[in-house]
Amino acid sequence: MKSILDNRPALAVEVNRVAEVAGYLWQKGWAERNGGNITVNITEHVDDVIRNLPAISEVKQIGAILPHLKGCYFYCKGTNMRMRDLARFPMENGSVIRILDDCASYVIIADAPVRPTSELPSHLSVHNYLIGKGSPYKASLHTHPIELIALTHGKKFLEKDVATNLLWSMIPETKAFCPRGLGIIPYQLPGSVEMAEATIQELADYDVVMWEKHGVFAVDCDIMQAFDQVDVLNKSAQIYISAKNMGFEPEGMSQEQMKEMTVAFNLPK
Ligand code: 13P
Ligand code: ZN
Numbered sequence: 014m015k016s017i018l019d020n021r022p023a024l025a026v027e028v029n030r031v032a033e034v035a036g037y038l039w040q041k042g043w044a045e046r047n048g049g050n051i052t053v054n055i056t057e058h059v060d061d062v063i064r065n066l067p068a069i070s071e072v073k074q075i076g077a078i079l080p081h082l083k084g085c086y087f088y089c090k091g092t093n094m095r096m097r098d099l100a101r102f103p104m105e106n107g108s109v110i111r112i113l114d115d116c117a118s119y120v121i122i123a124d125a126p127v128r129p130t131s132e133l134p135s136h137l138s139v140h141n142y143l144i145g146k147g148s149p150y151k152a153s154l155h156t157h158p159i160e161l162i163a164l165t166h167g168k169k170f171l172e173k174d175v176a177t178n179l180l181w182s183m184i185p186e187t188k189a190f191c192p193r194g195l196g197i198i199p200y201q202l203p204g205s206v207e208m209a210e211a212t213i214q215e216l217a218d219y220d221v222v223m224w225e226k227h228g229v230f231a232v233d234c235d236i237m238q239a240f241d242q243v244d245v246l247n248k249s250a251q252i253y254i255s256a257k258n259m260g261f262e263p264e265g266m267s268q269e270q271m272k273e274m275t276v277a278f279n280l281p282k
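If you read the sequence shown in my numbering, its first letter stands for residue 14, the second for the next number, and so on.
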């Protein structure tokens, strides 16, 4: 079968990276059934042939007006599609969409008419925000990491930066590789425009935000880097829970040790 990836090595690398990450999400137990979604802004890989491809779906509404997305193209996981299937067949479990000139609607253009993720309002609002501020970030990831979600069932971890400081203090690398910490967004209906708006607000200060009792939303230059940020945070949550399971409150690195790290790694806060 013909694919939009044929003879486009740079685009194929991008999509294959999504497939690789989808496999990790399944292996980690973060992607039950259709859980989680990924979108990547692939506009830089789009040539005139792609620009002239006809729509293979009717025009669909995004639910928001996103002025910076005019003429942009995105690879999107399909709604109800499984990460474990996407890992092997990314173009059968996801599709490429084109944002139309009204900045409020889109069409699917390749390979198959797979309807994008139900979290599209959040993903596209975030991409619109990132472009607007001139960010190099191109990828966004929503996933259901077990231990991080478990933390959000405890009220104290929902207070600003309580989870961030706890997770940073479990192992030095977490602050080094997730230097902006973990933002918290109070529970909202999955797929809602309200959740999209809250997500953008929180991304002003964090690269990874927690949707209370649901999952995380992470952004970075590519999907592997977004995954890595979530992975280091969840590792810290696992260390915290392991210590609790051994019957004690983990000591955590001291404030002095954290400060030393911040200076040595030239970290922002
Ligand atoms: P989709 O299958 O629509 O991507 O939904 C998965 C999910 O995790 C919703 O929050
Ligand atoms: Zn979800």
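Here a beta-carbon is modelled for each residue, glycine too, at the ideal position from N, C-alpha and C.
Measuring from the CB of Ser-108, is there a heavy atom of ligand 1 at a distance below 6 Å? no
I'd like to know if the region 179-195 and the region 74-83 are in contact, where contact means that at least 3 CB-CB pairs between them fall below 8 Å. no
Can Glu-225 and Thr-177 be called in contact, C-beta distance under 7 Å? Their beta carbons are not under 7 Å apart, which means Glu-225 does not touch Thr-177 by this criterion.
Please return the same chain residues whose Cβ sits closer than 8 Å to the Cβ of Ile-110, not counting the five positions on each side in sequence. Tyr-86, Phe-87, Cys-89, Tyr-119, Val-120, Ile-121, Ile-122 and Pro-129
Beta strand (DSSP E) runs wholly inside the region 55-117, at least 3 long, in chain order: 86-90 and 107-112
Leu-202 burial status per 10 Å Cβ neighbour count (16 or more: buried): Under this definition Leu-202 is an exposed residue.
Cα-Cα separation between Leu-179 and Ile-236, rounded to whole angstroms: 25 Å
Around ligand 1, which residues pass a check of Cβ closer than 7 Å to any of its heavy atoms? Ordered along the chain, the selected set is Asn-47, Gly-48, Gly-49, Asn-50, Lys-90, Thr-92, Asn-93, Met-94, Thr-130, Ser-131, Glu-132, His-155, His-157, Pro-203, Gly-204, His-227 and Gly-228.
Pair every Cβ in the region 23-43 with every Cβ in the region 92-101, then say whether three or more of these pairs are closer than 8 Å. yes
What does the Cβ neighbour count give for Tyr-150, buried or exposed, with the cut at 16 atoms within 10 Å? So Tyr-150 counts as buried.
With C-beta atoms as the reference, is Gly-228 less than 7 Å away from His-155? Less than 7 Å divides the Cβ of Gly-228 from the Cβ of His-155.
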